[in-house]
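Trainee: Got a structure here, written out as structure tokens. Questions coming.
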Amino acid sequence: MYNRGLTKDWVPKIGILLLIILLLFTFMLVNPIYSSNMGQMVGSTGIMSEYFVWANFASTIGMAAAIPLVMRFKMRFRSKELMVSSLLTMAVLSVAIATTMSPEVIVGSAFLFGFAKMFGMIEVILPVMFILSPTGDKGRFYSLFYPIAIIAGQVGGLIAANVSLGYDWQSIHMYAAATLLLVALICTVVMHDLRFSRKMPLYQIDWLSIVLFSASMLSLAYVFAFGRQQAWFVSTSIQYAAVASIALAVCLVVRQQFLKRPYMTFGLFKKANVRIGVVLLIGLGMFMGAGSIQSIYTNAILGYNWKINASLSLMTMPGMVIAGFVGFHWTKHKLPIKMYIFSGFAAYVLNYVILYFMMVPGLSIDWFLLPQLLNGYGMCSLFIAIWLYGLNGIPQNDMLTSVGSVMVFRSFIATAFFGALFSWVQYALQWQSVNNLAFYFDATIMNTYGTVGNFGQMQLDAILAANKTLLGYVIIAGLAFLTFIFFHQFGNFKYRIARYRIRKSEWESRRDGKVDATTSAGAEDVAGIV
Numbered sequence: 001m002y003n004r005g006l007t008k009d010w011v012p013k014i015g016i017l018l019l020i021i022l023l024l025f026t027f028m029l030v031n032p033i034y035s036s037n038m039g040q041m042v043g044s045t046g047i048m049s050e051y052f053v054w055a056n057f058a059s060t061i062g063m064a065a066a067i068p069l070v071m072r073f074k075m076r077f078r079s080k081e082l083m084v085s086s087l088l089t090m091a092v093l094s095v096a097i098a099t100t101m102s103p104e105v106i107v108g109s110a111f112l113f114g115f116a117k118m119f120g121m122i123e124v125i126l127p128v129m130f131i132l133s134p135t136g137d138k139g140r141f142y143s144l145f146y147p148i149a150i151i152a153g154q155v156g157g158l159i160a161a162n163v164s165l166g167y168d169w170q171s172i173h174m175y176a177a178a179t180l181l182l183v184a185l186i187c188t189v190v191m192h193d194l195r196f197s198r199k200m201p202l203y204q205i206d207w208l209s210i211v212l213f214s215a216s217m218l219s220l221a222y223v224f225a226f227g228r229q230q231a232w233f234v235s236t237s238i239q240y241a242a243v244a245s246i247a248l249a250v251c252l253v254v255r256q257q258f259l260k261r262p263y264m265t266f267g268l269f270k271k272a273n274v275r276i277g278v279v280l281l282i283g284l285g286m287f288m289g290a291g292s293i294q295s296i297y298t299n300a301i302l303g304y305n306w307k308i309n310a311s312l313s314l315m316t317m318p319g320m321v322i323a324g325f326v327g328f329h330w331t332k333h334k335l336p337i338k339m340y341i342f343s344g345f346a347a348y349v350l351n352y353v354i355l356y357f358m359m360v361p362g363l364s365i366d367w368f369l370l371p372q373l374l375n376g377y378g379m380c381s382l383f384i385a386i387w388l389y390g391l392n393g394i395p396q397n398d399m400l401t402s403v404g405s406v407m408v409f410r411s412f413i414a415t416a417f418f419g420a421l422f423s424w425v426q427y428a429l430q431w432q433s434v435n436n437l438a439f440y441f442d443a444t445i446m447n448t449y450g451t452v453g454n455f456g457q458m459q460l461d462a463i464l465a466a467n468k469t470l471l472g473y474v475i476i477a478g479l480a481f482l483t484f485i486f487f488h489q490f491g492n493f494k495y496r497i498a499r500y501r502i503r504k505s506e507w508e509s510r511r512d513g514k515v516d517a518t519t520s521a522g523a524e525d526v527a528g529i530v
């Protein structure tokens, strides 16, 4: 027998709902690396922070590598087997990350953690999709799901920061492992042993393509994580990693052309909306990467610890809720997606404009309420709108083999590239600011006792100057994106122009007595497209 549910027959409906909620928040809250306590991980282990950044990227790459395989595994194994195996694997890897002192083990464990996490998460997302959107309306689902998912990630970071501050950074991973084991036990008891559909063997899975994709992305992640620390392409390690990433990516693309069942398909990038979506994802990655500027300001200038920095993320939650509410009603009333995308980028630009004028040596935390609200709205609205617009019209058969490449670009490549770029530019601008300030110091002033104590303040002033300069560049780039969005047609306005011109031509023909059936039919066809 086949069963597309999750639980046995004796489980009541309220129990099914509670199980889905438990599984959803378990997968959303538990992660291999928590950026909120990364500083404590570095101080405790003595491992360079770049390894933890690399591990954080590796978990995203692992999830993207698993996406093309999830339905194949779902047709081969039972839902219970996939769920319990995923939870147990994540628990073991959480313990490994908490107990090891090897950075390579942490990176490898984070990659496998993300790979295993995706197989269990798909078992949760499918029933959640039907609960949130019974009719299959993707706009409704994205508007409800993305705020929940992003807010859960923010709450997970805050919990990790509080636990790490109260105990140590290993405790959150041990608690996560215990929670995963408990949830696995619950799933063993209440989940059914039936299959989702007819059993299908795992044949024609190109494991070499999985290795090529993973190795290429991990090499690129190494470049982004260690670029600044190793002076970018001055280092031979960065050079080898960059060449390896490009070569492996080329081999992956070429190999897919000769496979009967390709691991990934790249034909979707021929669609105009996908290409525009990639451009918009570049803008989203730029704004998300610019978040490091605020972190530098709060850490170096305001002296916030990781707990206070994590609490700043709570201020983004109202904006995310507003973005979901607006997106829900926007898609419900079939309004053009153009202005919803425009509002997301405008919120981001306004956020950084406010932050630009807030770059002062002393500032109350209450001043972050409005910028963080705009930050949350911009992030969540763009996650909803770009994903909805970019994947519109993609055939269902190509969705899973195509969405992995788009996901890794959105969640890793764009964000990691701009994060690494801004980190390097901020460092260079900081030294330039120090040189500019040092111009006003002569030997007499430097020998003054009272001025020697101001050298630390001069360094802080240099950080502020560098941050404001970098924010100015981000704002200018954001205005360029807003201009592009405002004048781009997004597949709607051009048809209105065509309809107007055809109907104008038809009216003129009728006025001259030269109307024919072809013109009339063409007008009706264009009107139908609109």
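For the sequence shown, full-length UniProt numbering gives the first residue as 1, with consecutive numbering after it. Where is the CB? At the ideal position from N, CA and C, for every residue including glycine.
(1) Under the assumption that Leu69 contacts Gly120 (Cβ atoms under 8 Å), give the Cβ distance between them as a whole number of angstroms.
(2) Could you check the C-alpha separation between Ser313 and Arg255 for me, to the nearest Å?
(3) Three Cβ pairs or more, each shorter than 8 Å: is that satisfied between the segment 281 to 288 and the segment 376 to 393?
(4) Of the choices Phe490, Ser49, Tyr34, whose alpha-carbon is the least far from that of Ala272?
(5) If I measure Cβ to Cβ from Lys332 and keep anything under 8 Å in the same chain, skipping five residues before and after, which residues do I get?
(6) Which one of Tyr263, Ser36, Ala290, Leu373 has the shortest CA to CA distance from Ser209?
(7) Drop a sphere of 10 angstroms on the beta-carbon of Phe486, count the other beta-carbons inside from all chains shown, and report buried for 16 or more, exposed for fewer.
(8) If you follow the alpha helix (DSSP H) that Leu284 is part of, which residue opens it and which one closes it?
(9) Considering only residues of the same chain and omitting the five flanking positions on each side of Ala466, which have a CB-CB separation below 7 Å?
(10) Would you say Ile150 and Met118 are within 9 Å of each other, going by their C-beta atoms?
(11) Under three-state DSSP, which class holds Met317?
(12) With H, G and I counted as helix, E and B as strand and the rest as coil, what does DSSP make of Arg410?
(13) Give me the Cα-Cα distance between Met90 and Ala177, rounded to the nearest whole angstrom.
(14) Can you name the residues that DSSP bridges to Thr188?
(15) Specify the secondary structure class of Thr236 as computed by DSSP and reduced to three states.
(16) Restricting to Cα atoms, I'd like to know which of Ile61, Tyr146, Ser133 is closest to Ala116.
(17) Less than 9 Å separating the beta-carbons of Gln229 and Met101?
(18) What is the rounded straight-line gap between the Cα of Tyr352 and the Cα of Lys8?
(19) Could you give the distance in angstroms between the alpha-carbon of residue 553 and the alpha-carbon of Phe418?
(20) Counting only the same chain and skipping the five closest in sequence on each side, list residues whose C-beta sits under 7 Å from that of Thr45.
(21) Between the Cα of Thr188 and those of Val234, Glu104, Arg78, spot the shortest distance and give me the residue it belongs to.
(22) Can you tell me where the alpha helix (DSSP H) holding Leu69 begins and where it ends?
(23) Tell me which residue opens and which closes the alpha helix (DSSP H) that Lys8 is part of.
(24) Mind reading off the beta-carbon distance from residue 531 to Gln40? Whole number of angstroms is fine, and I expect it under 8 Å.
(25) In the DSSP assignment, find the unbroken alpha helix (DSSP H) run with Trp306 in it and report its ends.
(26) How far does the alpha helix (DSSP H) with Phe213 in it extend, from its first residue to its last?
(27) At what residues does the alpha helix (DSSP H) containing Leu370 begin and finish?
(28) Are the segment 287 to 294 and the segment 403 to 419 touching by the rule of at least three beta carbon pairs closer than 8 Å?
Mentor: Taking the coordinates as given:
(1) Indexing the sequence shown from 1 puts residue 69 at position 69. Indexing the sequence shown from 1 puts residue 120 at position 120. About 13 Å separates the beta carbon of Leu69 from that of Gly120, a gap too long to meet the 8 Å contact definition.
(2) Here residue 313 corresponds to residue number 313 of the sequence shown, with the count starting at 1. Here residue 255 corresponds to residue number 255 of the sequence shown, with the count starting at 1. The C-alpha of Arg255 is placed about 42 Å away from the C-alpha of Ser313.
(3) Contact between the segment 281 to 288 and the segment 376 to 393 is present, because at least three Cβ pairs lie under 8 Å.
(4) The sequence position of residue 272 within the sequence shown is 272, counting from 1. Checked all of Phe490, Ser49, Tyr34; the closest Cα to Ala272 is Phe490.
(5) The residue labelled residue 332 in the question sits at position 332 within the sequence shown. The residues are Gly139, Arg140.
(6) For this step, residue 209 is matched to residue 209 along the sequence shown. Per the Cα distances, Tyr263.
(7) Here residue 486 is taken as the residue at index 486 of the sequence shown, counted from 1. Around the Cβ of Phe486, a 10 Å sphere holds fewer than 16 other Cβ atoms; the residue is exposed.
(8) Locating residue 284 in the sequence shown gives position 284, where the first residue counts as 1. Annotation: the continuous alpha helix (DSSP H) that includes Leu284 extends over 272 to 289.
(9) Along the sequence shown, one-based indexing puts residue 466 at 466. So the qualifying residues of the chain are Gln426, Leu429, Gln430, Ser433.
(10) Here residue 150 corresponds to residue number 150 of the sequence shown, with the count starting at 1. Here residue 118 corresponds to residue number 118 of the sequence shown, with the count starting at 1. Contact flag unset, no.
(11) Taking the sequence shown and counting its residues from 1, the one referred to as residue 317 is at position 317. Note: Met317 maps to helix in three-state DSSP.
(12) Reading the sequence shown from its first residue, position 410 is the one you call residue 410. In the structure shown, Arg410 adopts helical secondary structure according to DSSP, grouped into three states.
(13) Residue 90 sits at position 90 when you count from the first residue of the sequence shown. Residue 177 sits at position 177 when you count from the first residue of the sequence shown. Between the alpha carbons of Met90 and Ala177 lies a distance of about 7 Å.
(14) Along the sequence shown, read from residue 1 onward, the residue named residue 188 stands at position 188. Beta-bridge analysis with DSSP links Thr188 to no other residue.
(15) If you number the sequence shown from 1, residue 236 lands on position 236. Three-state result, Thr236: helix.
(16) Numbered from its first residue, the sequence shown carries residue 116 at position 116. Of Ile61, Tyr146, Ser133, the smallest CA-CA separation from Ala116 is found for Ile61.
(17) In the sequence shown, the residue the question calls residue 229 occupies position 229. In the sequence shown, the residue the question calls residue 101 occupies position 101. No, Cβ-Cβ distance for Gln229 and Met101 is not below 9 Å.
(18) Indexing the sequence shown from 1 puts residue 352 at position 352. Indexing the sequence shown from 1 puts residue 8 at position 8. So the alpha carbons of these two residues sit roughly 51 Å apart.
(19) Outside the shown range of the chain, which is 1 to 530, sits residue 553, and nothing can be said about it.
(20) Here residue 45 corresponds to residue number 45 of the sequence shown, with the count starting at 1. Met101.
(21) The residue given as residue 188 occupies position 188 in the sequence shown. The residue with the shortest Cα to Cα distance from Thr188 is Arg78.
(22) Indexing the sequence shown from 1 puts residue 69 at position 69. Run containing Leu69: none; DSSP gives neither H nor E here.
(23) Here residue 8 refers to the residue found at position 8 when the sequence shown is read from its first residue. First-last for Lys8: undefined, no H or E at that position.
(24) Because the chain here runs from 1 to 530, residue 531 falls outside it and cannot be looked at.
(25) The sequence position of residue 306 within the sequence shown is 306, counting from 1. In the DSSP annotation of this structure, the continuous segment of the alpha helix (DSSP H) that includes Trp306 starts and ends at 306 to 312.
(26) As a first step, residue 213 is located in the sequence shown; it is residue number 213 there, counting from the start. Residues 207 to 226.
(27) Along the sequence shown, read from residue 1 onward, the residue named residue 370 stands at position 370. Boundaries of the alpha helix (DSSP H) around Leu370: 369 to 390.
(28) The segment 287 to 294 is in contact with the segment 403 to 419.
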